[in-house]
Each structure stands twice: as C-alpha cells, then as structure tokens.
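So the structure is just underneath, and the comments pick up after that.
Residue numbers (my numbering): 658 to 1187.
Following this line, the structure appears as structure tokens:
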C-alpha cells in the first residue's frame, strides 16, 4: 500500500512537471523558429551596434565619450574585441543570449543548492518573456548586471552557510565592481539587497558574521568601481565620462503617472507587447492583472519563509538570505522606477526587469504544499504559453521599435548604388545602417534641434571622436520624416547639396561634394531624444 502511494506521488510529480516543461519547450521552439528576424530587428535598435562600435573605438585607443549611469565599459570592450574576429557580427549578437542562458543557469543552480527543484526557476526565467530574451539583452550591460545580481544572491546563500571562501569573495567583489562600473542601477538591485540580506541574517538569525561578509562585498565592490572609473581614462586614454542625459530626482508627484505605467509595463513584459497592441482587449486586461502580480511574488515568498522560520535553523538561513535578497531587489527597483523619474515612456519598462527576475528566482521557494505547487507550475506554464503566443503573432518589424530603420537594407542599397560610403544620420538610423552594410558604408550619428542653435547640426554626445574627423571626398546627410532628430535640409549651414536622392518613403539622402563634418557643432548635454 505504501509503495503504491509513493509510486502515485512520483507519477503525479512527473505528470505535473510535464506541463511546465511542455510549455517551456513550446516557447523555446517558437523562439528558435523566429530567432533570426527577432534578434536582428531588436539588435538593430541602434544601442547595440552603437555600443559595439564604441567598444571598437576603445580597443583602438580613440577618444570615446560614455554615459556614467550606463557606461557599459566591460561589455562594450568585449563586443569591440569580438567585432575584430572572423564572424564578429554573429559573435556580438550571440553575446546577449549566452549571458541570458548563464543567468538562468546561475538562478537554477542556486535554487538547487537550497534543496528546491530548479525546474520552476529555469522555466520561469527562460520563459520570462521575449523582452527579457531580446530587447533587454541589448545593450549587453543590462544582462551582465542581472547576472551580477544572481551571483550576489548566490553569495548571500554562501555567506549564510559560512561557506564563502576568500577566493570566491575576491572574485565576486571584482565582478560586482566591474558590473557597477557599467550599470549604476546594479547598486539598487544588487548591492543594496545584499546588505539587506546581511542585516536580516543578523537581526533574525543572530549571524553577525554574515552581515560583515555582505557589507565587505558591497563596500569593496564600490571601491573597485570607483578605482576602475578613475583608472579607465589612463588604461584607455580616450575614455571620457559625460554627465547623464536623463536627469533623475526624487519626486512623489510622479506617482499618479508612474503607477499605471508600471502596471502596463509589467503586462508588456510578460506578453511581449512592447511597442503596440498585441492581444485583444480581454486578454490584454488579463495580462494586466497577471503583470501586477509579478512584483508581489518575491515579497510574498519572503513573508512565507519568515513565518515558517521565525527562529531559523542553521540549514534554513540560506533560504532566508536568498528570499530577502530578491524581495529587496524587487521592492527597491519598483520604488526607484516610481519615484526617480525612470517611468518616462513605455520603453522605460526595461527598468522593471529585475522585478521579473526576482519573481522567477523566488517562485520555487513558495512551493510548500500540493496546492501551491500546482499554482506555481500553473504560473510558470501560463507565462511560457503567453510568451510563446506573443512571439508567434508579433511582427518582427514591430518588435524592433518605432525608431529602427525598418527599410535599412533598402537604404544601404541606394547608398552603395550611388558609390556613397561615408555620411551622417540621426542616432537611431546611423549605427544600424553601418551594421547592415558590414561596415562597407559608415553612417555616424548627428542631430538637429540641439542646444547649439536652431540652424545647427551637432555631433552626438556619446560617440567616438574619429567619427567626425574631417576627410576628403563626398559625404551625405540622411533626413527622415516623420520629424525626428534629423528631418530638415540645413541649407544655411551646409549649402545646396549636389544631389538629392530618395531612399524610401520620407527618407532623403542629401549628397555634398565635401566632408560636412567640419560644419558640425560640438555635442551638447541636452540633445534631441525623440
């Protein structure tokens, strides 16, 4: 009788796990089928190829201007190095997906070390939505920061178990410092949650040494980032850090706008509806409700664990530390999004990805009984299925965003047919065109409507100085309508063009017989960001 019950329980577990596994495999199949058009469309959303070219400039020793908050030094340099290898374009585009898989692996391994089945964590992390796998992994620095957060969550578990060796501590400090150098947001969903985990281990578990270990890692990581920031210009003589383009500040007055935008952002994150309506109204309303549940999962799991372990045994402290880490990351990320001015537009939803990761990472620890196990499996399965539907029906061109040059190959063909290989365009068009042409045509970013004056054309702030070095021969300027950052012919500044070539609806190529770079004004801190 006992053997029969045991066998039925095993069969039930296998049958229950079949559903999320099947949903995850379906999602992976859809991802594989549409990986090329989606990854290409998303990668060409300007930031990713632009960062690769900035990295190539750093490697070459050029003067490169970066933004401090998201300087992305490490992934940029890595992309710049890969770009010089055979098949460099493919290698750079694979960098983000590989880091995303590594992220899922670290989360799954940590959950398994806590004695929980890693299945749900892996399924939930992989099936977190097409945004996490595509839009968010370019620029690569953001995925690198999430990977750093997952490593710190692992470190909090090891610190609670007093198994954090000096060597592993040093490696984690170095990695965290370099991640912080590239993404200032890592302090919110990485370092501060680690300190919170240490404080709870001290207050609830009486483990003062765990607090000391966590504080040591956090403070040392900040020191590494500060030293690296100071040494970066010396190591690569041309690196310049410019003030942030986005001015942030604490303002509770943003809440009436930020709260509903956050709710919609969570719905977009789990459905893939990033730039347009993806689902019919009833399904969109359901996704909105499901999205609002995302930031509640990690705090709910933490409350459950604290209730179960009011006086945690030594074997339970790792679970408590892990849940505190991700709950703190979740709460701090959402608070920063709501109050610091990050909720400016639908595109800013990517700031909320740490909340999605927190939910995926803590979901398995909320499974304490048959009912919660079914709920967890159902949540993971539903997320995978909704994401699969989103990827299956969403056009790749829509996924690339409103600013991406959807007709990029056609524009490159026009430029090459007219023997044009050097010119300028708005930021969102420039780097993708260069990438599509395999660097046979070089298009560098400029902007009108900048602070230098109504008739001026300015260099782009975050750039490589060699892009604007004067040369010989004809150059071109691409204007595009609807209005963007370069949408009018600056005849008063550049004179009459030799030729005017139509390159598609609303896209015009103005050809000049000289290098127009000498007429551009210096970059301004307040540029054109449509």
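For every residue, glycine included, the Cβ atom is placed at its ideal position computed from N, Cα and C.
Residue range of the unbroken alpha helix (DSSP H) whose run includes residue 838
823-839
Using 8 Å for Cβ pairs, my map puts residue 1090 next to residue 1065. What's the rounded Cβ distance?
6 Å
Would you check if there are 3 or more beta carbon pairs closer than 8 Å linking the segment 840-850 to the segment 802-817?
The way I'd put it, the segment 840-850 does touch the segment 802-817; three or more beta-carbon pairs between them come closer than 8 Å.
Rounded distance between the beta-carbons of residue 1042 and residue 1131, thought under 8 Å:
With a Cβ gap of about 54 Å, residue 1131 and residue 1042 do not count as contacting.
Using DSSP bridges, identify the partner residues of residue 1121.
721
May I have the straight-line CA-CA distance separating residue 1159 from residue 1168, to the nearest angstrom?
For residue 1159 and residue 1168, the distance between alpha carbons rounds to 11 Å.
Sequence-distant residues of its chain with Cβ nearer than 6 Å to residue 1174 (five each side left out):
1125 and 1127
Alpha helix (DSSP H) segment containing residue 1158, residue limits
Segment 1156-1159 is the beta strand (DSSP E) holding residue 1158; no alpha helix (DSSP H) there.
Collapsed DSSP secondary structure at residue 1100 in the structure displayed:
In this structure, residue 1100 counts as strand in the three-state DSSP scheme.
Would you list the residues sitting across from residue 1178 in a DSSP beta bridge?
1115
Does DSSP put residue 1072 in a helix, in a strand, or in coil?
helix
Does the structure place the segment 845-854 close enough to the segment 980-989 that three or more beta carbon pairs sit under 8 Å?
With a cut-off of 8 Å, the segment 845-854 and the segment 980-989 count as touching, because enough Cβ pairs lie within range.
Considering residue 1167, what are the terminal residues of the alpha helix (DSSP H) in which it resides?
Element bounds for residue 1167: not the alpha helix (DSSP H) but the beta strand (DSSP E), 1164-1169.
Residue 860, buried or exposed, once every other Cβ within 10 Å from all chains shown has been counted against 16:
Classification of residue 860: exposed, given that the 10 Å Cβ count is below 16.
If we call anything under 8 Å between Cβ atoms a contact, is residue 1180 one with residue 1134?
no
With DSSP collapsed to three states, give me the class of residue 806.
helix
I need the DSSP call for residue 888, collapsed to helix, strand or coil.
helix
Do residue 817 and residue 1019 count as a contact pair if the criterion is CB distance below 8 Å?
no
Going by alpha carbons, who is nearest to residue 716 out of 1178, 1123, 1149 and 1153?
1123
Could you name the residues of the same chain whose beta carbon sits closer than 6 Å to that of residue 712, not counting the 5 residues immediately before and after it, in chain order?
733, 734, 736 and 737
Only counting the same chain, and skipping five residues up and downstream in sequence, which positions put a Cβ closer than 6 Å to that of residue 1081?
1101, 1103 and 1134
As a quick exercise: from 956, 870 and 1105, pick the residue whose alpha carbon is nearest that of residue 1144.
1105
Beta-carbon within less than 8 Å of residue 1049's beta-carbon, same chain only, minus the 5 sequence neighbours each way: which residues are those?
687 and 691
Residue 1136 - containing beta strand (DSSP E), residue span:
1132-1137
Alpha-carbon to alpha-carbon, residue 1111 and residue 952
44 Å
Rank 1039, 1085 and 1095 by C-alpha distance to the C-alpha of residue 678 and give the top, closest one.
1039
Is DSSP giving residue 1079 helix, strand or coil here?
Strand.
Cβ neighbour criterion (16 or more within 10 Å) applied to residue 811:
buried
Helix, strand or coil: which one does DSSP assign to residue 1147?
coil
Local Cβ density within 10 Å of residue 731, reported as buried at 16 or more and exposed below that:
buried
Assuming residue 701 is part of the alpha helix (DSSP H), what are its boundary residues?
Unbroken run through residue 701: none, as it is neither H nor E.
Under 8 Å between C-beta atoms of residue 834 and residue 881:
Yes, the Cβ-Cβ distance between residue 834 and residue 881 is below 8 Å.
Range of the contiguous alpha helix (DSSP H) that encloses residue 769:
745-770
For the alpha helix (DSSP H) that contains residue 1110, what are its first and last residues?
Neither: residue 1110 is in no alpha helix (DSSP H) and is coded neither H nor E.
If residue 1151 sits next to residue 1116, beta carbons under 8 Å apart, how far is it from one beta carbon to the other, in whole angstroms?
Actually they are not in contact, since the Cβ atoms of residue 1151 and residue 1116 sit about 14 Å apart, beyond 8 Å.
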